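Visitor: Under this note's numbering, the first residue of the sequence shown carries the number 1084, and numbering increases by one thereafter. Just so you know, even glycine gets a beta-carbon here, dropped at the ideal spot from N, CA and C. All figures in this text were calculated on a predicted structure; none of them were measured in a lab. Here you go, one structure.
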Amino acid sequence: MHIPKFYTVLSIAALSLVKLAGAHDTSLASVKYAFQGAHIPEDLRLIFEPKIHLKVTYFLDDRSTFDVYPGAPLARHDTAYPPMYNVSGCHVGAGPFVVTMIDPGPQLNPNITQVRHFLGGDYYYNELNGVFYNRTPAVTEYKQPSPPRNSDPHRLYFDIAKFAYETELGDPIAGNFVLVGPEVQAAV
1084 MHIPKFYTVL SIAALSLVKL AGAHDTSLAS VKYAFQGAHI PEDLRLIFEP KIHLKVTYFL
1144 DDRSTFDVYP GAPLARHDTA YPPMYNVSGC HVGAGPFVVT MIDPGPQLNP NITQVRHFLG
1204 GDYYYNELNG VFYNRTPAVT EYKQPSPPRN SDPHRLYFDI AKFAYETELG DPIAGNFVLV
1264 GPEVQAAV
């Protein structure tokens, strides 16, 4: 029996202090640099050589949208609704793709917790109309990032290396991550 090889597309909601080469520079080299600066490939035990771009778009209460770039800081309330994903770049291919969103826990102690915020397979890319779509329900529906109040900063992972190995996914071909932390308390 032949098992189709999926391509992994990462979306890691994260909180870490990362100096980016240019806050909105979306070249593949700058995406890789941002991931390395946040120690994501090292902590997830994977090789990250992005080949295509992963666009992540969040929705706000007023139904407006905004795109995020690797390392973008977001308030928790900005992540209330499931994001929309799209891919672009040379030779994206049709798929199938797997999209994951994970929290490796606080960067100061990444072994403290691993939380899976989203896992969806069976994504495809239609090169004719540029639409990235899913054919089946998610394995894990979107769970809003919610680091506990007064916690160390969290980065948004289940054991992606083990999962990719056991499912023969291979290394990720695209990624994006955001910085999400507990809500700031108002001074009383």
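At which residues does the beta strand (DSSP E) containing ALA1155 begin and terminate?
Guide: Its beta strand (DSSP E) spans residues 1155-1157.
Visitor: Note down, one range per segment and in chain order, each alpha helix (DSSP H) of at least 4 residues found wholly within the stretch 1114-1164.
Guide: Within the stretch 1114-1164, the complete alpha helix (DSSP H) runs of at least 4 residues are 1123-1127.
Visitor: For a quick check, are the C-beta atoms of PHE1260 and PRO1153 less than 8 Å apart?
Guide: In this structure, PRO1153 lies closer than 8 Å to PHE1260 by Cβ.
Visitor: Measuring straight from C-alpha to C-alpha, what distance separates LYS1115 and GLN1227?
Guide: 25 Å
Visitor: If you follow the beta strand (DSSP E) that TYR1168 is in, where does it begin and where does it stop?
Guide: 1167-1171
Visitor: Can you tell me whether DSSP reads LEU1262 as helix, strand or coil?
Guide: Looking at LEU1262 - three-state DSSP - the assignment turns out to be strand.
Visitor: To the nearest angstrom, report how far apart GLY1105 and SER1171 are at their CA atoms.
Guide: Caution is warranted here: a pLDDT of 38 is assigned to GLY1105, below 50, making its placement in the model unreliable, and the coordinate value is therefore given only provisionally. If I take the Cα positions, the gap works out to 20 Å.
Visitor: Any idea what DSSP makes of ALA1257, helix, strand or coil?
Guide: Here DSSP, grouped into helix, strand and coil, assigns ALA1257 to strand.
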